[in-house]
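> Counting from 5, one number per residue, gives the positions in the sequence shown under the working numbering.
Ideal Cβ placement from N, Cα and C applies to all residues, glycine included.
Encoded as structure tokens, here's the structure I'll be asking about.
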Amino acid sequence: MYSRTQNENGSYNTRCLDCFMTVASCVETERELDLLEAHHICPEKALAELLAQERAAEARAASN
Ligand SMILES: [Zn+2]
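In structure tokens:
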């Protein structure tokens with residue numbers, strides 16, 4: 005999820021709603037926003053995935 009805002013000069017900013025990091029600012033086109041958002045590596049999502057993997061490993065260990 006991203007929060008897009010528009011500047012007075014018509015350019016855009018976009019912020020990640022998971023880690024609240026500004027992904028890009030002063031972007032000219034929405035097409036460029038799409039690309040920049042797609043390339044954002046979110047530390048919050050990476051952490052959540054890591055924790056999910058650990059929980060899955062623990063569940064496997066507990067069932068053995
Ligand atoms: Zn993020």
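If you check the beta carbons only, do VAL4 and LEU40 fall under 8 Å apart?
Given that the chain is displayed from residue 5 to residue 68, the structure contains no residue 4 and the question cannot be resolved.
> Should HIS44 be counted as a contact of ligand 1 given a C-beta to heavy atom distance under 7 Å?
yes
> Would you check if the distance between the CB atom of VAL27 and the CB atom of ARG19 is smaller than 8 Å?
Result yes, Cβ atoms of VAL27 and ARG19 sit closer than 8 Å.
> Could you check what DSSP says for SER67 in three-state terms: helix, strand or coil?
helix
> Using the C-alpha atoms, what's the distance from CYS23 back to SER7?
The alpha-carbon atoms of SER7 and CYS23 are separated by roughly 11 Å.
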